[in-house]
Amino acid sequence: MAAAEDGDGFGPLDQAAGLRRWAEQQGAGGGEPSVAALSSGIPEAPRPTLMVVGLPSGAQRQRLERVRQTLQRWQANGHAWVGDPARWQLVALDEDSPHLHTLACQQPRWALWVEGDPDGFRRAYRCLRHLREGGGPTRLLVLHPGFASHAGLLDNLRQAAGTFLEIELLLLAERPRGYQG
211 MAAAEDGDGF GPLDQAAGLR RWAEQQGAGG GEPSVAALSS GIPEAPRPTL MVVGLPSGAQ
271 RQRLERVRQT LQRWQANGHA WVGDPARWQL VALDEDSPHL HTLACQQPRW ALWVEGDPDG
331 FRRAYRCLRH LREGGGPTRL LVLHPGFASH AGLLDNLRQA AGTFLEIELL LLAERPRGYQ
391 G
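Numbering (the numbering used here), first residue to last: 211 to 391.
Here you go:
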């Protein structure tokens, strides 16, 4: 009986073939360091991963583009820790995922998307409740489409999450353009 081929020419069901294909799709070029990293002697920094829950339904690419736009806005407004928003690997995850607890143990960076519509805060709190019940993360960065102030609903959400769910929400100040502080 002949062994099944995986179609990449590396032999029968080469387990690493899937990883090689994934790396090629990600533009990693088989794990080779970049020319800049080789010439500078400094290893290329790994791309940070941000797990995002609470995104509205819709096409995955559009949902994650909203997150990237938020990172771009924060970077432009002086939040230097963001660095290049394009380097972030964004992963959308449903709060009822069966892999939630495992991912919460493995991934250090989590964010909660809070939509700007009237029911956005109710959905965000419900999402946090699911995270708590499913063994999810207990500290999340709050992403949003650009609320000018945290006073009111965002602060209420942060306080309710801390008091009732023992989840810490991190709110970043929206700085005006050109902020030099």
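Positions of the beta carbon are idealized from the N, C-alpha and C atoms, including for glycine.
Let me confirm a value: residue i is counted as buried when at least 16 other C-beta atoms fall within 10 Å, else exposed. Which label applies?
i              : result
alanine 371    : buried
tryptophan 291 : exposed
alanine 354    : Residue identity check: residue 354 is histidine in the sequence provided, not alanine. Buried, since its Cβ has 16 or more Cβ neighbours within 10 Å.
glycine 239    : Since pLDDT at glycine 239 reaches only 46, below the 50 mark, its modelled position is unreliable, and the value read off the structure follows with that caveat. Exposed, because fewer than 16 other Cβ atoms sit within 10 Å of the Cβ of glycine 239.
leucine 281    : buried
glycine 346    : buried
glycine 221    : Interpretation of glycine 221 is limited by its pLDDT of 44, a score under 50 that renders its predicted location unreliable; the figure taken from the coordinates is listed afterwards. Classification for glycine 221: exposed.
leucine 380    : exposed
Name, in chain order, the residues that DSSP records as bridge partners for residue i.
i             : result
alanine 302   : Val262
glutamate 378 : Arg349
alanine 397   : Residue 397 is absent from the structure shown; the chain starts at 211 and stops at 391.
Output yes or no for whether 8 angstroms exceeds the beta carbon distance between residue i and residue j.
i                 : j              : result
valine 301        : leucine 322    : no
glutamate 378     : arginine 349   : yes
proline 331       : leucine 363    : Checking the displayed sequence, the identity of residue 331 turns out to be phenylalanine instead of proline. For phenylalanine 331 and leucine 363, yes; Cβs fall inside 8 angstroms.
phenylalanine 374 : glycine 326    : no
leucine 260       : tryptophan 284 : no
cysteine 337      : valine 262     : no
glycine 344       : leucine 313    : no
valine 324        : leucine 265    : no
proline 295       : arginine 319   : no
histidine 340     : aspartate 365  : no
glutamate 376     : asparagine 287 : no
Restricting to runs no shorter than 3 residues, where is the beta strand (DSSP E) found entirely within the region 328-355?
349-353
Pairs of beta-carbons, one from the region 298-316 and one from the region 267-278, closer than 8 angstroms: are there three or more?
yes
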